[in-house]
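This report refers to the structure that appears directly beneath it.
In my numbering, the protein residues as written are 4 to 191.
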């Protein structure tokens, strides 16, 4: 499938995706690509709005003669912040685990051949060629590589445990070169 100019693959990895790895990689990609989906950002927005309401409470009391409306709004915003921090991440995780368990192709043992311009994913049911230009972003964490936004498979995850040190360094450099400004190394 890859063109003749690509040469040998930088790495050929056989891996079986787990629900936990898929969930973590998907959350990483989503939260890095769309910062407003991060629980801390949403909660911070709610707390900031609650503080703005708190600062406007004296004005509201002088103008309308009561403080129940701004206090109720402040409490509502603080409850919403708590929801974003504690409840929503668990719901997102459960939703992604359900998505993983409902798609049997994700759980199949897959061989990923990583080339300079593409990745070839092959299992017993499908063979997919994805070029790096088809992905929107790529992230490297200490545990895995994740590319998001692919045409045929939205999320591509490569577990670093399946790679040797040399292969890991080679794949890291290859992805950094291929994605350029769309590539980010994350510390956690």
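Heads up, the beta-carbon is just placed ideally off N, CA and C, and yes, glycines get one too.
Quick check: what's the CA-CA separation for residue i versus residue j?
| i | j | result |
| --- | --- | --- |
| residue 71 | residue 84 | 20 Å |
| residue 106 | residue 21 | 12 Å |
| residue 128 | residue 19 | 14 Å |
| residue 104 | residue 94 | 15 Å |
| residue 13 | residue 114 | 13 Å |
| residue 110 | residue 35 | 24 Å |
| residue 66 | residue 60 | 10 Å |
| residue 185 | residue 75 | 43 Å |
Which class does residue i belong to by DSSP, given the choice of helix, strand or coil?
| i | result |
| --- | --- |
| residue 128 | coil |
| residue 174 | helix |
| residue 70 | coil |
| residue 191 | coil |
| residue 17 | strand |
| residue 185 | helix |
| residue 76 | helix |
| residue 37 | coil |
| residue 167 | coil |
| residue 7 | Note that residue 7 scores a pLDDT of 49, beneath 50, so its modelled location is shaky; the value from the coordinates is reported in the next line. Note: residue 7 maps to helix in three-state DSSP. |
| residue 12 | coil |
Please check the pair residue i and residue j, which I expect to be a contact at CB under 8 Å, by giving their CB distance rounded to whole angstroms.
| i | j | result |
| --- | --- | --- |
| residue 142 | residue 174 | No, residue 142 and residue 174 are not in contact; Cβ-Cβ is about 13 Å, not under 8 Å. |
| residue 88 | residue 150 | No, residue 88 and residue 150 are not in contact; Cβ-Cβ is about 29 Å, not under 8 Å. |
| residue 124 | residue 25 | Not really, about 14 Å apart at Cβ, beyond 8 Å. |
- When the Cβ atoms of the segment 169-183 are set against those of the segment 127-146, are three or more pairs found closer than 8 Å? Yes, the segment 169-183 is in contact with the segment 127-146.
- Item | Residue ranges of each beta strand (DSSP E) within the segment 94-164, 3 or longer | If one requires a minimum length of 3 residues, the beta strand (DSSP E) runs lying completely within the segment 94-164 are 112-117, 121-125, 130-134, 140-143, 147-151, 158-162, in chain order.
- Does the pairing of the segment 26-44 with the segment 149-157 give three or more beta-carbon distances under 8 Å? Touching, yes.
- Any contact of the segment 52-68 with the segment 32-39, i.e. 3+ C-beta pairs under 8 Å? Contact between the segment 52-68 and the segment 32-39 is absent, because fewer than three Cβ pairs lie under 8 Å.
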